[in-house]
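Below is one structure; the comments refer to it alone.
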Amino acid sequence: MTQGQATVRIDGHSLSCRTIAQVARDDVGVQLDPAALERAREAWEQAESIAQRRQVYGRTTGVGANRHEAVDGEAAVGHALRLLRSHAGGAGPLLRDDHVRATLVVRLNQLAAGGSGIHPRMLEALARTLVEGALPAVHRLGAIGTGDLTMLAEIGLTLAGERPWAVGGLPAVQVDFGDALALMSSNAATLAEAALACGDLQVLLRASHVVAALSYRALGGSPEAYAAAVHRAKPHPGQVLCASEMRRLLGMEGSAVAGRRIQDPFGLRAFPQVQGPALDSLADLERILEIEVNATAENPLVSTDLGDVFHHAHFHTAYVAVALDQARAALHHVAELSTARLGDLVEPGMTDLPPFLASGPPGSSGVMILEYVAQDALAQLRHAALPVTLGTAVVSRGLEDHASFSTQAARQATAAVDSFRLVLACELVAAVRALRMQDADIAHLPVGKAFDRAVEVLEPALEDRSLTADVELAAGLLPELSGI
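For the sequence shown, position 108 (counting from the first letter as 1) is numbered 108 according to the UniProt record's numbering, and the numbering increases by one without interruption.
Structure, rendered in structure tokens:
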């Protein structure tokens, strides 16, 4: 941790999706709350005591279908390392650096909540890893929504000095016989990826208000579809918020200028009704994720209040999987409307501009290719939106006979981010071009700030040329527009 670096306190109960992203991506450090460390110590002492009197899963027994196999005497020596070694069998590509950092801070916070029975030195090691900027090498494949066993086992073995570090490194940490399952019993990597994707999608949804507002001006949309009276009549929260944002961006709070048409195409008219479910779904996903990352979800759960250990199924993440499926499905509808507006923008009857917003000799193509790019990205998003919750798995000799596949749902959410970004970027390029060609005067409107910023960034030339750079620049501009 560098001098003057911003830090967040890890206390086991106040971690947010926003904070996870800050630690993962924005050079924000961590500071472990001493009270959290003490809670972990009490739980460890309690687990040690209970294990002397009764069997504790993963501590004095094997795991999975080996749950009835007692581990004592000589077998207890090296039990933790054997568990880590046997479970560190991940495959496929390595996780991105920001995903690894997010995983580390999620797992540290969960352990800081108490209840795992892990030795406090493991919390200190995870905190030191984040502070020093060290990164374990963690493979992507090996989880089905019932615990990120392979990923966390690889992190554990790296801390123990048995695996090489991907970035930096720290001295090896002692792993006691109760530490292995206590470290692995979590969906930290899945929750980390879901939290990062959730934040990214929320930024893009905020930006989509701005992009849609620019298209609205270029298309001469009707303000009636966004009227407060309309949305009071069916007040879904996200829908009301979307309509309110459109009124704000377009200066409709007073007497709005009438549009070109009595009824707009759905891309404009139904925007609040389609954007609203996505806003609500992402808000619900964020709420669920923040419960999960601050939960004492370890199996078994060590209760210092009751002086007992409870075996349970908090490792199952059906809430997360279902919320991710819903969010991606809702997002796909939003992207469909974006491509619909793009189609309207290239239609002369909608803008009073040349076909495809072309400027040049007859037959010029203008932005024709943007529809193909946007539809390709939409097809990818459609694939990413397919539900994962319709499948299941039976593993460990039939003992574990259901899986949520939240891990796969989180991966699909990450894929959805990239696709949705490109869809919006294509619409943004076309909307800005149309407004330029119309010599639109929107400087007095809040959305005018977005137009001015886009004019600064995007190439002004209207002749037929490659639009690759324009799409890339527009995509990079979306986070900035989300704050207008």
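For glycine and all other residues, C-beta sits at the position ideal for the given N, C-alpha and C.
None of these values were measured; they are calculated from a predicted model.
Exercise for the section: Return helix, strand or coil for P120, following the three-state DSSP convention. Expected result: Numbered from 1 along the sequence shown, position 120 holds the residue referred to as residue 120. Here P120 sits in helix by DSSP.
Backbone secondary structure at P136 - three-state DSSP
If you number the sequence shown from 1, residue 136 lands on position 136. Strand at P136.
Rounded to a whole number of angstroms, what is the C-alpha to C-alpha distance between D284 and A323? Here the question's residue 284 lines up with position 284 in the sequence shown. Here the question's residue 323 lines up with position 323 in the sequence shown. When rounded, the distance between both Cα atoms is 7 Å.
Discussion item. Is it buried or exposed, S466, if we count other Cβ atoms within 10 angstroms and call 16 or more buried?
Written reply: In the sequence shown, counting from the first residue as 1, residue 466 sits at position 466. With fewer than 16 Cβ atoms within 10 Å of its Cβ, S466 is classed as exposed.
- prompt: Is I288 helix, strand or coil by DSSP?
  reply: For the purposes of this step, residue 288 is identified with residue 288 of the sequence shown, where counting begins at 1. I288 falls in the helix class under three-state DSSP.
Could you confirm whether any beta carbon from chain D is found closer than 8 Å to the beta carbon of L249? Any reference to chain D falls outside this structure, which holds one protein chain only.
> Are the region 41–49 and the region 303–320 touching, with three or more C-beta to C-beta distances below 8 Å?
Replying inline: yes
- Message: Taking the straight line between their C-alpha atoms, what separation do you get for S244 and Y226?
- Response: Position 244 of the sequence shown, counted from the first residue, corresponds to residue 244. Position 226 of the sequence shown, counted from the first residue, corresponds to residue 226. S244 and Y226: Cα-Cα distance of roughly 7 Å.
With contact counted as at least three CB pairs below 8 Å, one residue from each stretch, are the region 17–28 and the region 144–160 in contact? no
- Pick from R25, R53, G168 that is closest to D98, judged by C-alpha positions: On the sequence shown, position 98 is the one that residue 98 refers to. The shortest C-alpha separation from D98 is found at R25.
key: Element boundaries [beta strand (DSSP E), containing F310]   = As a working note, residue 310 is residue 310 in the sequence shown. Its beta strand (DSSP E) spans residues 308–310.
Taking 8 Å as the cut-off, does the region 466–480 touch the region 422–436 (at least 3 CB pairs, one atom from each stretch)? yes
For E456, does the three-state DSSP call read helix, strand or coil? By 1-based counting over the sequence shown, the position of residue 456 is 456. Looking at E456 - three-state DSSP - the assignment turns out to be helix.
- Message: Pairs of beta-carbons, one from the region 336–355 and one from the region 217–225, closer than 8 Å: are there three or more?
- Response: yes
Which of helix, strand or coil does DSSP assign to A297?
Counting from 1 along the sequence shown, the entry for residue 297 is found at position 297. In the structure shown, A297 sits in coil (DSSP, three-state: anything other than H, G, I, E or B).
_Once DSSP output is grouped into helix, strand and coil, what is the label at residue 488?_
The question about residue 488 has no answer here: the residues shown for the chain are numbered 1 through 484.
Review point. In its own chain, which residues sit with a C-beta less than 8 Å from the C-beta of C242, not counting the 5 before and 5 after it?
Key: As a first step, residue 242 must be located in the sequence shown, where it is residue number 242. Closer than 8 Å at Cβ, skipping near neighbours: H209, F271, P272, Q275, G276, L279.
Near A180, which residues of its chain fall below 6 Å by C-beta distance, leaving aside the five closest residues on each side in sequence?
-> Counted from its first residue, the sequence shown places residue 180 at position 180. So the list reads A80, L83, L84, once near-sequence residues are dropped.
- Message: Could you give the first and the last residue of the continuous alpha helix (DSSP H) run that contains A160?
- Response: As a first step, residue 160 is located in the sequence shown; it is residue number 160 there, counting from the start. First-last for A160: undefined, no H or E at that position.
Whole angstroms is fine: what's the gap from Q202's alpha carbon to A51's?
On the sequence shown, position 202 is the one that residue 202 refers to. On the sequence shown, position 51 is the one that residue 51 refers to. Roughly 45 Å separates the two Cα atoms.
How would you call L249, buried or exposed, if buried means at least 16 neighbouring beta carbons within 10 angstroms?
As a position in the sequence shown, residue 249 is number 249, starting the count at 1. Label assigned to L249: buried.
task: With a threshold of 16 other CB atoms inside 10 Å of the CB of V257, please say whether the residue is buried or exposed.
output: By 1-based counting over the sequence shown, the position of residue 257 is 257. V257 should be labelled exposed.
From what residue to what residue does the alpha helix (DSSP H) around V23 run? Here residue 23 corresponds to residue number 23 of the sequence shown, with the count starting at 1. That run of the alpha helix (DSSP H) goes 17–25.
Spatial distance of G267 from R59 (CA atoms): Mapped onto the sequence shown, residue 267 falls at position 267. Mapped onto the sequence shown, residue 59 falls at position 59. Taking the straight line from one Cα to the other gives about 57 Å.
inquiry  = Rounded to the nearest angstrom, what separates T351 and V230 at their Cα positions?
reply    = Against the sequence shown, residue 351 aligns to sequence position 351. Against the sequence shown, residue 230 aligns to sequence position 230. Cα to Cα, T351 sits roughly 26 Å from V230.
(message) Out of G168, L337, E290, which one is the CA nearest neighbour of Q375?
(response) Taking the sequence shown and counting its residues from 1, the one referred to as residue 375 is at position 375. The residue with the shortest Cα to Cα distance from Q375 is L337.
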